[in-house]
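Beneath this line is the structure, given in structure tokens, with notes to follow.
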Amino acid sequence: MGMIGGVIGMLFGGGRNIVRETAEVFRENAEAGAQRAVAAHAQAVSQFAAEFDRPGPGAFDRFVDGLNRLPRPALALGTLALFVAAMVDPVWFASRMQGIALVPEPLWWLLGVIVSFYFGARHQIKSQAFRRELAAVAARAPEVADRMRELGTLRRSGGDERDGEPEPVDAVAAEPEPETGGNGAVIAKGREGAATDPDANRPLDDWKALRTRA
187 MGMIGGVIGM LFGGGRNIVR ETAEVFRENA EAGAQRAVAA HAQAVSQFAA EFDRPGPGAF
247 DRFVDGLNRL PRPALALGTL ALFVAAMVDP VWFASRMQGI ALVPEPLWWL LGVIVSFYFG
307 ARHQIKSQAF RRELAAVAAR APEVADRMRE LGTLRRSGGD ERDGEPEPVD AVAAEPEPET
367 GGNGAVIAKG REGAATDPDA NRPLDDWKAL RTRA
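Position 95 of the sequence shown, counting from 1, maps to 281 under the working numbering, and the rest follow consecutively.
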């Protein structure tokens, strides 16, 4: 019994467990692994919390954020205020517009850049392209009107020509029959000579032949 007790005390006594320690060499202790996983998860969560933990904005940050929110409503409400001023006091509005007319073009471009920064450049580009298309169409309107007038003139002139065009004459029907008897031989002879001479005048030659025979 003493030997058995000594062996058991050597294996499990003295605050140590040789069997457990030997088994943990080949297989992880499930309880200790779970504890380590919980500790690692807690450390990861605390690290993420530290990264995303931002201190509250100071007075200067709040002031700048408020300034950044002002331009867009100021531009929109200011434009509406101009319409109201034009209806309430036209003289005052006209005098201010005369001053705006003196603003140079580069300054207008700079204002356009600022406005596009706040309201989006895409809307401005689309609106400018639409205005250019409208201007191009309006510029082509006189040319289109001239072409329509020309087409109307051609249509009317074509109808008049068709109405006044003489009917074709049959060449066989228009050819006079050869004259016979009396002076027919003389006239036929004169026509034969005129046919050989391109510069001959057939009626004149017939008349001369008749006078000579008379």
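Ideal Cβ positions, reconstructed from N, Cα and C, are used throughout, including at glycine.
Using a 10 Å radius around the Cβ and a threshold of 16 neighbouring Cβ atoms, would you call Ala395 buried or exposed? The residue given as residue 395 occupies position 209 in the sequence shown. Counting Cβ neighbours within 10 Å, Ala395 comes out buried, since at least 16 surround it.
Taking only the alpha-carbon atoms, compute the straight-line gap between Pro257 and Leu268 and give it to the nearest angstrom. Residue numbering aside, residue 257 sits at position 71 when the sequence shown is read from its first letter. Residue numbering aside, residue 268 sits at position 82 when the sequence shown is read from its first letter. Answer to the nearest angstrom: the Cα atoms are 16 Å apart.
The alpha helix (DSSP H) that contains Asn254, what's its start and end? The residue you call residue 254 lines up with position 68 of the sequence shown. Run containing Asn254: 245-254, per the alpha helix (DSSP H) assignment.
Buried or exposed: which applies to Glu332, given that a residue is buried once 16 or more other Cβ atoms fall within 10 Å of its Cβ? Working through the sequence shown from its first residue, we reach residue 332 at position 146. The sequence given here places Asp at residue 332; Glu does not occur at that position. Burial call: exposed.
Would you check if there are 3 or more beta carbon pairs closer than 8 Å linking the segment 247-264 to the segment 298-307? yes
Ignoring anything shorter than 4 residues or poking outside the segment 266-349, list the alpha helix (DSSP H) runs there in chain order. The segment 266-349 contains these whole alpha helix (DSSP H) runs: 276-286, 291-305.
Is it buried or exposed, Asp392, if we count other Cβ atoms within 10 angstroms and call 16 or more buried? Here residue 392 corresponds to residue number 206 of the sequence shown, with the count starting at 1. Answer is buried; the Cβ neighbour count reaches 16.
Going by DSSP in three states, Arg399 sits in which element: helix, strand or coil? Counting from 1 along the sequence shown, the entry for residue 399 is found at position 213. Helix at Arg399.
Please determine, among Asn254, Ala287, Gln229, Glu207, the residue with the shortest C-alpha to C-alpha distance to Ile300. Residue numbering aside, residue 300 sits at position 114 when the sequence shown is read from its first letter. Of the candidates Asn254, Ala287, Gln229, Glu207, the one whose C-alpha sits nearest the C-alpha of Ile300 is Asn254.
Distance between Val330 and Leu340 (C-alpha atoms, nearest Å): Looking up residue 340 in the sequence shown gives position 154. Looking up residue 330 in the sequence shown gives position 144. Taking the straight line joining both Cα atoms gives about 15 Å.
So Glu214 is in the alpha helix (DSSP H); what residue range does that whole segment cover? Here the question's residue 214 lines up with position 28 in the sequence shown. Note, Glu214: premise wrong, no alpha helix (DSSP H); not H, not E.
Rounded to whole angstroms, what's the CA-CA distance from Ala216 to Phe238? Just pull it up for me. Along the sequence shown, one-based indexing puts residue 216 at 30. Along the sequence shown, one-based indexing puts residue 238 at 52. Taking the straight line joining both Cα atoms gives about 33 Å.
Is DSSP giving Ala230 helix, strand or coil here? Counted from its first residue, the sequence shown places residue 230 at position 44. Looking at Ala230 - three-state DSSP - the assignment turns out to be helix.
For Glu336 and Arg326, the rounded distance between their alpha carbons: The count along the sequence shown starts at 1 and reaches residue 326 at position 140. The count along the sequence shown starts at 1 and reaches residue 336 at position 150. One C-alpha to the other measures close to 16 Å.
Coil, strand or helix - Pro241 by DSSP: The count along the sequence shown starts at 1 and reaches residue 241 at position 55. It is coil, neither helix nor strand.
Note down, in chain order, each residue of its chain lying with its Cβ closer than 7 Å to the Cβ of Trp278, except the 5 sequence neighbours on either side. The sequence position of residue 278 within the sequence shown is 92, counting from 1. Excluding sequence neighbours, Trp278 sits near Ala271.
Residues near Arg222 in its chain [Cβ-Cβ closer than 8 Å; skip 5 each side]: Sequence index remark: in the sequence shown, residue 222 carries index 36 (1-based). If we look at Arg222 and ignore the five residues flanking it on each side, it has no Cβ neighbours.
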